[in-house]
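Engineer:
Number of protein chains: 2
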Amino acid sequence: MTKTPSTKEKLLQAARALFWTRGYSNVSVRDITGAAGVDAALVSRYFGGKQGLFEATLADIPAWDVLACDRENLLEKAVESFTQPYNPQTDLVNPFTLLLANVLDPVMGDKIRAFVQQGIATPLAEKLGGVRAEEKAAMLLAVLFGFALIRKNFQVKGLTDTSLDDLRAQMMILGQTAVQSAP
Amino acid sequence: MTKTPSTKEKLLQAARALFWTRGYSNVSVRDITGAAGVDAALVSRYFGGKQGLFEATLADIPAWDVLACDRENLLEKAVESFTQPYNPQTDLVNPFTLLLANVLDPVMGDKIRAFVQQGIATPLAEKLGGVRAEEKAAMLLAVLFGFALIRKNFQVKGLTDTSLDDLRAQMMILGQTAVQSAP
DNA sequence: AAGAGGCGTCAACACTTGTTGACAACTACT
DNA sequence: AGTAGTTGTCAACAAGTGTTGACGCCTCTT
Chain Y
5 MTKTPSTKEK
15 LLQAARALFW
25 TRGYSNVSVR
35 DITGAAGVDA
45 ALVSRYFGGK
55 QGLFEATLAD
65 IPAWDVLACD
75 RENLLEKAVE
85 SFTQPYNPQT
95 DLVNPFTLLL
105 ANVLDPVMGD
115 KIRAFVQQGI
125 ATPLAEKLGG
135 VRAEEKAAML
145 LAVLFGFALI
155 RKNFQVKGLT
165 DTSLDDLRAQ
175 MMILGQTAVQ
185 SAP
Chain B
5 MTKTPSTKEK
15 LLQAARALFW
25 TRGYSNVSVR
35 DITGAAGVDA
45 ALVSRYFGGK
55 QGLFEATLAD
65 IPAWDVLACD
75 RENLLEKAVE
85 SFTQPYNPQT
95 DLVNPFTLLL
105 ANVLDPVMGD
115 KIRAFVQQGI
125 ATPLAEKLGG
135 VRAEEKAAML
145 LAVLFGFALI
155 RKNFQVKGLT
165 DTSLDDLRAQ
175 MMILGQTAVQ
185 SAP
């Protein structure tokens, strides 16, 4: 049986779920502690404040496992990780929405941008290699993030109701196009 | 000479500039009135409150002029409108960032989604026509919005420092791929 | 038994938020 | 001149924000 999580873990879990969907400024400390079922004062006690709690959730983001696989099936893995079924429960491990939800925040924006550049874009460019690696990596990220944005956040009709297999096939074509350098 | 704008116009202008960059919840009424140089009480007087002011800026969005041109040069116009130089002053007429900045807002999200679907995605699908028009339109939007997201918001290196001509060429290829239906 | 340290609860704080109503200044009309 | 309507100013409000310090409870050690 799973042992009951500690208060610190309960706070982290609730914070991640809320920051993930609504962004730093749209979530209050009392929202988090209310969802976690603990007192509001414990956020300052355990994490030094709301900002510290947010940074703890940020540090908690798993390394994007796509970066760990070979160059050949990198594209396939990337597409797969961005076309998972729409399930808030399991999607928590996907850092995408947390990044999107907070990049505009006046205090957290810089942190988010630095994370995307150093933790995602630069390693991806190194993995891709070749000429104009940075540009190709950025284009691929644009395709992936744009897809997730239109599907999950804007919920535009053509992407929310199509089968995952069809979507993945389309995304593979787009991804391959993105990583091919113009002559 | 340009006649001095009325208080209402000054408020709308400042509100658009701030909501555009930081999102609804990250902007306070006093931020706006401070930038406009007017009293904070006038927001409630003229627009019925902060929410009314936001909706006024939303109603102020010009119809996406790309939707007005022919089917042939639609793609070129769309790419062009999304690859303008990074200029906050002129970019105010581009609805993109206002939409992105507020789609996650707990109170404004629904309004934004409805606007994107009815004001952009559906007309674009009708313009594209053919089989799977909705899907193709959504994919094209994903490419366009994803590009703007990675470039302007995340400021990833490969897209911020490349020449506009190169970027446009790349985007044209991606856009054409997006609107081609899989067999 | 007595003390210490970790853990949670409660009330309160200083501050910002959006909004309101009273009041003054000005213009336009009779 | 007098009056009505508009427009801007000021102070204040209630609600919500993040944070702090005092207090009580439980467990372990001596």
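As given, the protein sequences belong to chains Y and B, one line each in that order. For the first sequence, my numbering assigns the number 5 to the initial residue and increments by one for each residue that follows. For the second sequence, my numbering assigns the number 5 to the initial residue and increments by one for each residue that follows. The beta-carbon is built from N, C-alpha and C at its ideal position, and this holds for glycine as well.
(1) So, with DSSP's three-state summary, where would you put residue 112 of chain Y?
(2) For a contact defined as C-beta to C-beta under 8 Å, what are the partners of residue 120 of chain Y on chain B?
(3) Can you tell me whether residue 138 of chain B is buried or exposed, with buried defined as 16 or more other CB within 10 angstroms of its CB?
(4) Identify which residue in Y:41, Y:42, Y:157, Y:21 has its Cα closest to the Cα of residue 64 of chain Y.
(5) What is the DSSP secondary structure of residue 85 of chain Y, counted as helix, strand or coil?
(6) What separation, rounded to the nearest whole angstrom, lies between the Cα atoms of residue 81 of chain B and residue 70 of chain B?
(7) So with CB distances below 9 Å, who are the chain B contacts of residue 70 of chain Y?
(8) Determine the chain B residues that contact residue 129 of chain Y at a beta-carbon separation under 9 Å, and present them in chain order.
(9) What does residue 108 of chain B touch in chain Y if you count any residue whose Cβ is under 8 Å from its own?
(10) Among the residues of its own chain, which have a CB less than 6 Å from the CB of residue 29 of chain B, if the five just before and after it don't count?
(11) I believe residue 125 of chain Y touches residue 156 of chain B by the beta-carbon criterion, under 8 Å. Please report the beta-carbon distance rounded to the nearest angstrom.
(12) When DSSP labels each residue in this structure, what does residue 9 of chain Y get in the three-state scheme?
(13) How many whole angstroms separate the CB atoms of residue 115 of chain Y and residue 62 of chain Y, which I take to be in contact at a CB cut-off of 8 Å?
(14) Give me the chain B residues within the contact set of residue 178 of chain Y, using Cβ-Cβ distance strictly less than 9 Å, ordered along the chain.
(15) Exposed or buried, which one is residue 40 of chain Y when buried takes at least 16 other CB atoms within 10 Å?
(16) Thinking C-beta only, is residue 58 of chain B closer than 8 Å to residue 112 of chain B?
(17) Quick check on the burial criterion: 16 or more other C-beta atoms within 10 angstroms. Buried or exposed for residue 129 of chain Y?
(18) Near residue 18 of chain B, what residues of its chain come up, given a Cβ to Cβ distance below 6 Å and the 5 sequence neighbours on each side ignored?
(19) Could you tell me whether any Cβ in chain B is nearer than 8 Å to the Cβ of residue 133 of chain Y?
(20) In or out: residue 53 of chain Y buried (at least 16 other Cβ within 10 Å) or exposed?
(21) For residue 166 of chain Y, name the three-state secondary structure that DSSP assigns.
(22) Which residues in chain B have a C-beta closer than 9 Å to the C-beta of residue 117 of chain Y? List them in chain order.
(23) Whose C-alpha, out of Y:14, Y:163, Y:25, is nearest the C-alpha of residue 107 of chain Y?
(24) Tell me which residue opens and which closes the alpha helix (DSSP H) that residue 48 of chain Y is part of.
(25) Label residue 135 of chain Y either buried or exposed according to how many other C-beta atoms from any shown protein chain fall within 10 Å of its C-beta, with 16 as the threshold for buried.
(26) Under three-state DSSP, which class holds residue 76 of chain Y?
(27) Using CA atoms only, rank isn't needed, just tell me which of B:85, B:60, B:75 is closest to residue 13 of chain B.
(28) Considering just the uninterrupted stretch of the alpha helix (DSSP H) at residue 106 of chain B, what are its terminal residues?
(29) Counting only Cβ-Cβ distances shorter than 9 Å, please list the residues of the region 36 to 53 of chain Y near chain B, keeping chain order.
(30) Of all Cβ atoms in chain B, is any one closer than 8 Å to the Cβ of residue 65 of chain Y?
(31) Comparing C-alpha positions only, which one of Y:154, Y:167, Y:147, Y:33 sits nearest to residue 176 of chain Y?
(32) For residue 179 of chain B, count neighbouring C-beta atoms within 10 Å of its own C-beta (all shown protein chains included) and say buried if the count is 16 or more, exposed if not.
(33) By the 10 Å Cβ neighbour count, where 16 or more other Cβ atoms means buried, how is residue 55 of chain Y classified, buried or exposed?
Structural biologist: So, from the data block:
(1) For the purposes of this step, residue 112 of chain Y is identified with residue 108 of the first sequence, where counting begins at 1. In the structure shown, residue 112 of chain Y sits in coil (DSSP, three-state: anything other than H, G, I, E or B).
(2) For the purposes of this step, residue 120 of chain Y is identified with residue 116 of the first sequence, where counting begins at 1. The answer, in chain order, is 158, 160.
(3) Residue numbering aside, residue 138 of chain B sits at position 134 when the second sequence is read from its first letter. Buried.
(4) One-based indexing of the first sequence puts residue 64 of chain Y at position 60. When each option's Cα is compared against that of residue 64 of chain Y, the closest is Y:21.
(5) Start at 1 with the first residue of the first sequence, and residue 85 of chain Y comes out as number 81. If DSSP states are grouped into helix, strand and coil, residue 85 of chain Y belongs with the helices.
(6) Walking along the second sequence from the start, residue 81 of chain B turns up at place 77. Walking along the second sequence from the start, residue 70 of chain B turns up at place 66. Each residue's Cα considered, the two are about 6 Å apart.
(7) Walking along the first sequence from the start, residue 70 of chain Y turns up at place 66. None at all; the shortest Cβ gap to chain B is about 16 Å.
(8) Residue mapping note: residue 129 of chain Y aligns to position 125 of the first sequence, counting from 1. Result: 161, 162.
(9) Counting from 1 along the second sequence, the entry for residue 108 of chain B is found at position 104. Those within 8 Å of residue 108 of chain B in chain Y are 25, 26, 27, 30, 104, 105, 157.
(10) Here residue 29 of chain B refers to the residue found at position 25 of the second sequence. Closer than 6 Å at Cβ, skipping near neighbours: 109.
(11) Residue numbering aside, residue 125 of chain Y sits at position 121 when the first sequence is read from its first letter. Residue numbering aside, residue 156 of chain B sits at position 152 when the second sequence is read from its first letter. Not confirmed; about 15 Å, so no contact.
(12) Residue numbering aside, residue 9 of chain Y sits at position 5 when the first sequence is read from its first letter. Coil at residue 9 of chain Y, not helix or strand.
(13) Along the first sequence, read from residue 1 onward, the residue named residue 115 of chain Y stands at position 111. Along the first sequence, read from residue 1 onward, the residue named residue 62 of chain Y stands at position 58. With a Cβ gap of about 7 Å, residue 115 of chain Y and residue 62 of chain Y count as contacting.
(14) As a first step, residue 178 of chain Y is located in the first sequence; it is residue number 174 there, counting from the start. Neighbours of residue 178 of chain Y on chain B, chain order: 143, 146, 147, 178, 181, 182.
(15) Here residue 40 of chain Y is taken as the residue at index 36 of the first sequence, counted from 1. Buried.
(16) Counting from 1 along the second sequence, the entry for residue 112 of chain B is found at position 108. Counting from 1 along the second sequence, the entry for residue 58 of chain B is found at position 54. Yes, the pair counts as a contact, with Cβ atoms nearer than the cut-off.
(17) In the first sequence, the residue the question calls residue 129 of chain Y occupies position 125. Residue 129 of chain Y is buried by the Cβ-count criterion.
(18) As a first step, residue 18 of chain B is located in the second sequence; it is residue number 14 there, counting from the start. Here the set comprises 36, 39, 40.
(19) Along the first sequence, one-based indexing puts residue 133 of chain Y at 129. It does not: the Cβ of residue 133 of chain Y has no partner Cβ on chain B nearer than 8 Å.
(20) Stepping through the first sequence from its first residue, residue 53 of chain Y is reached at position 49. Exposed: under 16 other Cβ atoms inside 10 Å.
(21) Numbered from 1 along the first sequence, position 162 holds the residue referred to as residue 166 of chain Y. Three-state result, residue 166 of chain Y: coil.
(22) As a working note, residue 117 of chain Y is residue 113 in the first sequence. Near residue 117 of chain Y (Cβ distances below 9 Å), the residues of chain B are 157, 158, 159, 160.
(23) Taking the first sequence and counting its residues from 1, one reaches residue 107 of chain Y at position 103. Comparing Cα-Cα distances from residue 107 of chain Y to each of Y:14, Y:163, Y:25, the minimum goes to Y:25.
(24) Residue mapping note: residue 48 of chain Y aligns to position 44 of the first sequence, counting from 1. Residue 48 of chain Y -> alpha helix (DSSP H) spans 45 to 51.
(25) Numbered from 1 along the first sequence, position 131 holds the residue referred to as residue 135 of chain Y. Exposed: under 16 other Cβ atoms inside 10 Å.
(26) For the purposes of this step, residue 76 of chain Y is taken as the residue at position 72 of the first sequence. Residue 76 of chain Y: coil per DSSP, three-state reduction.
(27) Along the second sequence, read from residue 1 onward, the residue named residue 13 of chain B stands at position 9. Comparing Cα positions, the closest option is B:60.
(28) As a position in the second sequence, residue 106 of chain B is number 102, starting the count at 1. Start and end: 100 to 106.
(29) none
(30) Working through the first sequence from its first residue, we reach residue 65 of chain Y at position 61. Not one chain B Cβ lies under 8 Å of residue 65 of chain Y.
(31) For the purposes of this step, residue 176 of chain Y is taken as the residue at position 172 of the first sequence. Looking at the Cα atoms, Y:147 is the closest of the given residues.
(32) The count along the second sequence starts at 1 and reaches residue 179 of chain B at position 175. By the 10 Å Cβ count, residue 179 of chain B comes out buried.
(33) Start at 1 with the first residue of the first sequence, and residue 55 of chain Y comes out as number 51. The residue is exposed, with fewer than 16 neighbouring Cβ atoms inside 10 Å.
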